[in-house]
Amino acid sequence: MSHLDRKLLRDLRGLKSQALAVALVMACGLAMMITTRSLMLSLESTRDAYYEQHRFAEVFARLKRAPLAVRDQLAAIPGVAAVQTGISMQVTLDVPGLAEPAVGLLNSLPERGTPVLNRPYVRAGRLPAGRTAVSELAVSEAFADVHGLKPGATLAAILNGTKQTFRLSGIVLSPEFVFEAPPGSALPDNRTYGVFWMPYRELATAFQLYGAFNSVSISLAPGASEGEVVAAVDRVLAPYGGRGAYGRDNHPSNRRVDDEIRVLQGLSVAFPLVFLSVAAFMTNAVMSRQIALQREQIAMLKACGFSNRQVGFHYFKFSLVIVVAGVVFGIAAGVFLGRQLVDMYHLFFRFPELGFVLDTRVLVAAVIVSSLAAFVGVAGAVRRAVRLPPAEAMRPEAPASFRPALVERLGGARWFSPSFRMALRNIERRPIRSGLTCLALAMATGILIVPNSFRDGVAYVIDFQWDIVQRQTVTLTLVEPGPARALADFKHLPGVVHAEPFRYVPVEFRSGPVLRRLAVQGLPERGTLSRVIDASTVQISLPARGIVMSAKLAEILRIRPGDEVTVRVLEGREREVRVPIAALAEDFAGMAAYMELGALNRLMLDGDRISGAHVVVAKGRWPEFLDAVKNTPRIAGCVIKDAIREGFRKTTAESIGLLQKMYAMFATIVAFGIIYNSARISLSERARELATLRVLGFSRGEVGAVLVGELVVLTVAALPLGLVLGSGFAKGILAGVNTETVRLPLVLTPSNYAFAILVVATASALSALFAARKLAEINLVSALKALD
Amino acid sequence: MADPLASLPARPGPAVPVREPVFHVRGLARRYGEGEAAVTALAGVDLDLYAGELIVLLGASGSGKSTLLNQLGGLDSPSEGVLEYRGANLAAFGEAELTVFRRDAVGFVFQAYNLIPSLTARENVALITEICRAPMVPEEALALVGLADRMNHFPAQLSGGEQQRVAIARAIAKRPEVLLCDEPTGALDVRTGITVLEAVERINRELGTLAVIITHNAVMADMADRIFTLSDGRIVNVRANTRRAAARELKW
Ligand SMILES: Nc1ncnc2c1ncn2[C@@H]1O[C@H](COP(=O)(O)OP(=O)(O)O)[C@@H](O)[C@H]1O
Ligand SMILES: [Mg+2]
């Protein structure tokens, strides 16, 4: 080791707490980058392998009914590699231990062999065998988990009006249902919605569909155009009640996984960017100070024949050491957190196995990015060191020129103590230095705002969605859309206080090249239960003409109120109409479109029909109500609002909560690091001056007050700036993670601000305390004799 | 890059008077700043300095002594005039050539010692010997200044005089051709100052190094071969001693 490196190591020992602070900030940024990138890779690679091994299809279509022979027509479409036909039916379930009825989606398994596409993965037990004494079903893992179902358990389902008991043969997963939510819902509801598999013959027979199919999945040949195949499939299926084929982009489960990856992608850039910028800034502050302290040493090295390159590299190495420490901590923390967080995805996504995959490319990126940050941070300071002519550096720095501070000049002097006045003058004397410290403190405040705005956003979504928008107790769905007078039957159920009808019609929206499939909800003009709300939380009255849709949907379709959108109805008589956009609604989970019920019925041309009703049930008559619902065969589903809210809280909210806690922890570390560092630097800059004051007879307290006063003034100035900065960060980051399935509103609460202020104030107080203690330790004689 | 000193003549033996000057200076001027605020630190200096000489520069504070020394040592470039080191034009040297010149030919001693506080006495010397062509071992250099027994002390554990002697050891360990000392005793008491001067005198005698010492203390002139007095950036007096006094005979 050269003696210059030995000097480096010993100098670093003196700088260790500051270097550590910078390294920790860097490590926080890197850990987040590594965690989120690795989670992305884990999801992506797991998904890709799963899709590949279990042959996830690429084009999907539902239809009313087509004879099996149509399969060959589909297979003959150019670009089609494989076709899997089957039956898929929604039925009402009676699950042991569940008071309300549940909805099951029954999928057929081919009579012989394994499915060509969308092959199930058997987690436990086995696939149902055909033609045994008892009928068998395989159940999806998500539903089985919630209800504690094991292979061998029994459960009843109503198939085409007949209640039948099934034994569960096994628990399975399918690439089609990685994310399992009721059709049209962005939120999972594993309590009342489950996916099942049973042999084709039994399912087809029960619904008089033997020899026919009502669902088809297709995989594409390499190089085939999805759009062309979709169009050709639509043409083939049109005579058989085809409801429009679609690709993976519109596949609900696949879309949800993609969206999650997109969120991670947003997070993997935004946060680390902020943190690494802060780290670069801190490196610069520390190195500038170090170089200023070593002005004479630099001059000596150059006078003795060290070249500019050697001197420059020597100081650059300081930041390299910081980078190495930051990278090591960052990788360790990133891997650790990634391993913890990957389990969280079991809440939403069902993969045969979801392990943590460390993204090794991100490690390389981490090293490059953090070196770059450090390099940017240190480059200016090192350049100044190198430029310093040695003869110049030997001369003592010109003494600082002081003058009364601005407030004093304005006549405010008498209100301040001498120490405080000195603090003010110090701030004013070095406006750039003070400005930078103030900016650092503002950054510390700002980054604390972001994670808590996530938490508050989630809380807001919960309240908004289930208190402002949805005010029903229960949503009841009919097996099939029925006549409007069915509403009276709902009203007569025991305990029902109020009921409002709704109709769901699956449609495809098209505008230019963009397609989206979802259900249009027909609602009363100004309902009191399921309400349509605009961005200023005012209820929208549904107009007699036109459609109201989620702002996000309009954004995706690139249309605005007043524009028209093409609506293709995917139920009953298939038709296409142009409908104007009347207004935009605010919502945060999934996307929706609304029409006034009468207007929707006029569009459908099939009379006054409803799909179900939102009802309010009197608390006391709850069991009686559920009992009645279970015994009404016409009621297919019963969604209890509080159960959905609870489900959201346990899944989405919990996962965001986990990320939020992680980020809040990082932000707190960073805030402390920044503030501590600032205090250290200002202490070091002023040690000599403050020691001089002590020698001149100022007490320890008075001298401490100068330093503390300065920190207090800067902190107070930084806080409002930090709150503004943080609100900006939060806005930017939320916009980056806003997807079709979940969006978080920008909610900035006083308690969020208060927390940021509290952390910064605490960190400042502790740093001030530390500085005051150091000040007491300063040996007056040596402080005056030599710098540092 | 070619070694700018490769073409220079080999070092002379100890105390052999060579009539080729080490430094040849004519009309040397150095101005700082522009326009109204311009300061003329050197206003036309002529001198020739020879190997083995011990030179003392006298003058009031602000007379330009440090500026002249910095010019000789390649820390700064002249505004105009001739500045030659063994026939090579120092004024035309670039940054890289100056670095090599300082590394191999010049030893500096500063009033403020300028030791690296985080390195021991031996390490402070070794820091420099590591980058030189034919240095002494640090122990030898420290022995020359009488500090063989304090080698492993950090600067903070040494007195001012001892620190300054470490600085001299650091400067001579590279066996420089010239030793430039800017008020080496300025911060020291008389007795300590003398030990430091003794070290410089010994190097000059034993290694034949050209030594230039700045002082504003006229007493020190007695130990010199020649004394230059500066005033307002000009040499106003040159005188030679027929007999050099030993440093310990100096009386303050
Ligand atoms: N870098 C500089 N910038 C401006 N003026 C300078 C600089 N260096 C020296 N001077 C001025 O040049 C004059 C001579 O300075 P110096 O050589 O340091 O004097 P001495 O060492 O004899 O006390 C002084 O007036 C000084 O202020
Ligand atoms: Mg001087």
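Protein sequence lines correspond, in order, to chains A and B. Here my numbering is used: position 430 in the first sequence is 430, and no number is missing along the way. Here my numbering is used: position 150 in the second sequence is 150, and no number is missing along the way. Note that the Cβ used here is the ideal one computed from N, Cα and C, for glycine as well.
Option in the options with minimal Cα separation from residue i
i	options	result
B:Leu272	B:Asn241, B:Val166, B:Ala221 and B:Met220	Residue 272 of chain B lies beyond the residue range present for chain B, which begins at 1 and ends at 252; the question has no answer from this structure.
A:Thr192	A:Lys150, A:Arg339, A:Gly266 and A:Gly104	A:Gly104
B:Arg202	B:Asn237, B:Arg31 and B:Val145	B:Val145
A:Arg112	A:Pro501, A:Asp94, A:Pro199 and A:Ala99	A:Pro199
A:Gly184	A:Leu237, A:Met26, A:Arg517 and A:Ala124	A:Arg517
A:Leu719	A:Ser699, A:Phe755 and A:Val703	A:Phe755
A:Val450	A:Leu106, A:Pro745, A:Ala76 and A:Leu707	A:Pro745
B:Glu253	B:Asn89, B:Ser79, B:Ala88 and B:Gly74	With chain B covering 1 to 252 only, the question about residue 253 of chain B has no answer from this structure.
A:Gly161	A:Pro633, A:Ser751 and A:Val274	A:Pro633
A:Pro506	A:Gln84, A:Ser38 and A:Tyr594	A:Tyr594
A:Arg545	A:Arg573, A:Gly512, A:Gly598 and A:Gly527	A:Gly598
A:Tyr50	A:Val122, A:Val532 and A:Ile322	A:Val122
A:Met32	A:Phe420, A:Val362, A:His492 and A:Arg485	A:Val362
A:Ser371	A:Phe420, A:Arg350, A:Ser319 and A:Phe356	A:Ser319
A:Ser169	A:Thr154, A:Leu159 and A:Phe588	A:Thr154
Same chain, Cβ closer than 8 Å to residue i, five either side skipped, listed in chain order
i	result
A:Ser17	Tyr676 and Arg680
B:Gly160	Tyr113, Ala187, Leu188 and Thr192
A:Gly657	Arg455 and Val458
A:Ala768	Ala679, Leu707, Val708, Leu711 and Val712
B:Asn152	Thr120, Ala121 and Arg122
Extent of the continuous beta strand (DSSP E) run through residue i
i	result
A:Val538	Looking at the DSSP string, A:Val538 is not in any beta strand (DSSP E), and its letter there is neither H nor E.
B:Phe228	Arg226 to Ser231
A:Glu596	Ala593 to Glu596
B:Asp46	Val39 to Leu49
B:Met136	No beta strand (DSSP E) holds B:Met136; DSSP gives it neither H nor E.
A:Cys304	A:Cys304 -> no beta strand (DSSP E), and no H or E assigned at all.
Check: residue i C-beta below 7 Å from any heavy atom of ligand 2
i	result
B:Glu183	yes
B:Ser66	yes
Distance cut-off 7 Å: residue i Cβ against heavy atoms of ligand 1
i	result
A:Lys302	no
B:Val39	yes
B:His81	The sequence given here has Gly at residue 81 of chain B, not His. It does not: the Cβ of B:Gly81 is nowhere closer than 7 Å to a heavy atom of ligand 1.
B:Ser231	no
B:Ser63	yes
B:Gly33	yes
B:Gly59	yes
7 Å CB neighbourhood of residue i in its chain, flanking five on each side removed
i	result
A:Phe316	Val378 and Val382
B:Ser259	Nothing in the structure corresponds to residue 259 of chain B, since chain B is present only between 1 and 252.
B:Asp3	With a pLDDT of only 47 at B:Asp3, under the threshold of 50, the placement of this residue in the model should not be trusted; the figure read from the coordinates follows. Cβ neighbours of B:Asp3 beyond the five flanking positions: Val100.
A:Glu226	Glu58, Val59, Leu220 and Gly247
B:Ile116	Asn124 and Leu127
B:Arg150	Ala121, Leu158 and Glu162
A:Ser764	Ile675, Leu711 and Thr715
Close Cβ partners of residue i (< 6 Å) along its chain, the five nearest in sequence each way excluded
i	result
A:Arg262	Thr739
A:Ala653	Val458
B:Ala247	Ile194, Leu197, Glu198, Glu201 and Met223
A:Gln660	Pro451, Phe454 and Arg455
A:Asp788	Since pLDDT at A:Asp788 reaches only 34, below the 50 mark, its modelled position is unreliable, and no value is offered.
A:Val703	Leu690, Leu693 and Arg694
A:Phe770	none
First through last residue of the alpha helix (DSSP H) which encompasses residue i
i	result
A:Leu28	Correcting the residue type first, residue 28 of chain A is Cys in the shown sequence and not Leu. Counting along the chain, the alpha helix (DSSP H) containing A:Cys28 begins and ends at Lys16 to Gln53.
A:Val469	From DSSP, A:Val469 is part of no alpha helix (DSSP H); its letter is neither H nor E.
A:Arg71	Val70 to Ala75
A:Val507	Premise fails: A:Val507 lies in the beta strand (DSSP E), Val496 to Ser511, not in any alpha helix (DSSP H).
A:Phe281	Pro252 to Leu293
**Request:** Pull out every residue of the segment 107-126 of chain B whose Cβ sits closer than 7 Å to any Cβ of chain A, in chain order.
**Result:** Within the segment 107-126 of chain B, the qualifying residues are Phe108, Phe110, Ala112, Asn114, Ile116, Ser118, Leu119, Glu123 and Ala126.
**Item:** Residues from the segment 293-305 of chain A in contact with chain B, defined by Cβ distance under 9 Å
**Value:** Those residues of the segment 293-305 of chain A that come within reach of chain B (Cβ to Cβ, closer than 9 Å) are Gln294, Glu296, Gln297, Ala299, Met300, Leu301, Lys302, Ala303, Cys304 and Gly305.
**Request:** Taking only beta carbons into account, state which residues of the segment 4-17 of chain A come closer than 7 Å to chain B, listed in chain order.
**Result:** Residues are counted here when their Cβ sits less than 7 Å from a Cβ of chain B; for the segment 4-17 of chain A these are Leu4, Arg6, Lys7, Arg10 and Asp11, given in chain order.
**Message:** What are the residues in the segment 302-326 of chain A lying within 7 Å of chain B by C-beta distance?
**Reply:** Under the 7 Å Cβ criterion, the segment 302-326 of chain A contributes Ala303, Cys304, Gly305, Phe306, Ser307 and Asn308.
**Prompt:** Along the segment 139-152 of chain B, what residues have a CB closer than 8 Å to any CB found in chain A?
**Reply:** For the segment 139-152 of chain B, which is checked against every Cβ of chain A, not one residue is closer than 8 Å.
**Item:** Residues of the segment 213-241 of chain B whose Cβ lies closer than 7 Å to any Cβ of chain A, in chain order
**Value:** Residues passing the 7 Å Cβ filter: none.
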